[in-house]
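If you count the sequence shown from 1, position 309 lands on 309 in our numbering, and the numbers rise without skipping. Positions of the beta carbon are idealized from the N, C-alpha and C atoms, including for glycine. Note that the structure is a prediction, hence the values are computed from the model and not measured. Notes follow the structure.
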Amino acid sequence: MSLADLVPKEAAYNYAFLDEQSKREVRRATLKAVAIPGYQVPFGSRELPIARGWGTGGLQVTMSLIGPGDTVKVIDQGTDAGVNALNLRRLVERTTGLPTTDRTEDASVIQTRHRIPEQPLRADQVIVFQVPLPEPLRFIERDEAATRRMHAEADYARAWVALYEDIVHSGTITRAAGYPALVNGRHIFSPSPIPRWDLPKLHRAPYLSLFGAGREKRVYAVPPWTSVEPLAFEDYPFAVESMAGRVCERCGATGVYMDEFIEGEGPRRYRCNDTAYCDAMFDANEAGDTGRVAQLEAVAVAVAATHRRVQTLSAAGK
Ligand SMILES: [Zn+2]
């Protein structure tokens, strides 16, 4: 007998790891979340072979959602190659046998941490966010019962005051990631720690966005075509990070979210944060495929259009 014989075979796991009863519970919570956009629905978060805080909420939503015919993409901070993304993807592959992909356009379900792909998603795609802190009011109120009541009564005065104080203190809104927004004109929600750059992509998006927080045991959703308005004042409208003048040193792209590198005294260097987009642009340039390059450049134009749409909305005090 060898040690390997003593290790249970992975086939002993249920399809998509979770038992059917657990998946049904997550699906029921998800359906309720879709019915009440932006509302945080409690669910019985299960143990997974991954530590809480490493994407277990998103993973439970993904595992409950996927089935034969799906193709899964997992990204971590814009990259498919992050350790966390690789491990989650491997778990999906091993327990479902489903294909996974790096290409945004080939995925039916995209699980993500901290980014929305640059490539605009279609109505037949679903994006699942890993959420560390689902409660947008936590930074102004520590008591869970109090924040639940504030949501129930749509009493968001203190959220507005906090935003106002931020402007008085710093002369600008300093919130960089996880910027709070009003969903469907009713609930303030946290879009998970995505950069401000990505928030306008959610406004009246054609696809379903699901948010899972494993440690905090909450699921919430933004259904297709739902309004997502970042909190802002008429004279301090919402603005995304400026990527003006930044060119990706690898693929030559502009107008997408860039990572910045500084080495010693040298000039600042930039690379696309979305590696799938960067790879596609790099390959298209290498192959001299001008049609594909134009297609990818149009992606940056589409992203800029989402920014303009939401910034106009915000400047109008809506
Ligand atoms: Zn690039």
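Would you kindly report the start and end of the unbroken alpha helix (DSSP H) that includes residue i?
i: M1; result: Premise fails: M1 is in no alpha helix (DSSP H) and is neither H nor E.
i: A239; result: Careful: A239 lies outside any alpha helix (DSSP H) and carries neither H nor E.
i: A294; result: 290-315
i: G214; result: Run containing G214: none; DSSP gives neither H nor E here.
i: Q119; result: Segment: none, Q119 is in no alpha helix (DSSP H) and carries neither H nor E.
i: W197; result: That residue, W197, is in no alpha helix (DSSP H); it is neither H nor E in DSSP.
i: G57; result: 56-65
i: L163; result: 157-170
i: D279; result: 275-286
i: L31; result: 20-35
Under 8 angstroms by Cβ, that's how I've got residue i and residue j pegged, so tell me the actual separation to the nearest angstrom.
i: V128; j: G212; result: 6 angstroms
i: I194; j: A177; result: 6 angstroms
i: I66; j: L59; result: Not quite, the Cβ-Cβ distance comes to about 11 angstroms (not below 8 angstroms), so this is no contact.
i: V109; j: T62; result: 6 angstroms
i: V320; j: R52; result: The structure shown does not extend to residue 320, since the chain is modelled only from 1 through 318, so no value can be given for it.
i: A316; j: G255; result: No, A316 and G255 are not in contact; Cβ-Cβ is about 24 angstroms, not under 8 angstroms.
i: H187; j: G38; result: 3 angstroms
i: A300; j: A239; result: Going by Cβ atoms, the distance from A300 to A239 rounds to 17 angstroms, so no, they are not a contact pair.
If distances are taken between C-alpha atoms only, which option among the options comes closest to residue i?
i: V41; options: E25, G252, Y164, L208; result: E25
i: Y330; options: E20, N184, E249; result: Past the edges of the chain, shown from 1 to 318, lies residue 330, and the structure says nothing about it.
i: R337; options: A284, C251, A152; result: A query on residue 337 cannot be resolved here, the shown segment of the chain reaching from 1 to 318 and no further.
i: R138; options: F189, G171, V72; result: F189
i: S64; options: T112, P120, K23; result: K23
i: D198; options: S2, H187, E229; result: E229
i: R122; options: R186, I75, Y207; result: Y207
i: S192; options: S242, P136, P267; result: P136
i: G55; options: V34, Q21, Q111, S2; result: Q111
i: H114; options: D106, A244, H151, L133; result: L133
i: A280; options: L296, P224, D143; result: L296
i: R269; options: T226, A304, V240, C248; result: C248
i: T172; options: A298, E241, E263, F17; result: E241
i: E260; options: R246, Y156, T104; result: R246
i: S227; options: G288, D76, I36, N285; result: I36
i: P237; options: M1, A4, T174; result: T174
i: G33; options: A239, A284, S209; result: Checking the sequence, you will find Ala at residue 33 rather than Gly. Out of A239, A284, S209, S209 has the C-alpha closest to the C-alpha of A33.
i: M258; options: Y13, D106, A244; result: A244
Opposite residue i in the DSSP bridges: which residues?
i: V183; result: H187, V228
i: Q111; result: V74, V128
i: P42; result: R218
i: Y270; result: C248, E260
i: A145; result: None; A145 has no bridge partner.
i: I50; result: L48
i: F233; result: Y236
i: A177; result: P195
i: T79; result: D76
i: T254; result: Answer by DSSP bridge pairing: none, since T254 is not bridged.
i: T100; result: V72
Can you give me the start and stop residues for the beta strand (DSSP E) that residue i sits inside?
i: Y13; result: Segment: none, Y13 is in no beta strand (DSSP E) and carries neither H nor E.
Verify the CB distance criterion: does residue i have a CB-CB separation below 8 angstroms to chain C?
i: G185; result: Judged by its chain identifiers, the structure shown contains no chain C, having just a single protein chain.
Report yes or no: do three or more beta-carbon pairs, one from the region 37-53 and one from the region 203-217, lie closer than 8 angstroms? yes
**Asked** Quick check: the region 60-80 against the region 93-100, are there 3 or more CB pairs under 8 angstroms?
**Response** yes
TODO: State whether the region 302-315 contacts the region 194-208, with contact taken as three or more CB pairs (one from each stretch) at a distance under 8 angstroms.
DONE: yes
Quiz item: Are the region 156-172 and the region 221-239 touching by the rule of at least three beta carbon pairs closer than 8 angstroms?
Solution: yes
Practice item. Would you check if there are 3 or more beta carbon pairs closer than 8 angstroms linking the region 146-162 to the region 84-91? Key: no
Assess contact between the region 267-286 and the region 114-125, defined as three or more Cβ pairs (one per stretch) separated by less than 8 angstroms. Is contact present? yes
request  = May I ask you to verify whether the region 89-98 touches the region 286-299, counting CB pairs closer than 8 angstroms and requiring at least 3?
outcome  = no
Item to check | For review: beta carbons within less than 6 angstroms of any heavy atom in ligand 3 | outcome: Ligand 3 is not among the ligands present in this structure, which contains only ligand 1.
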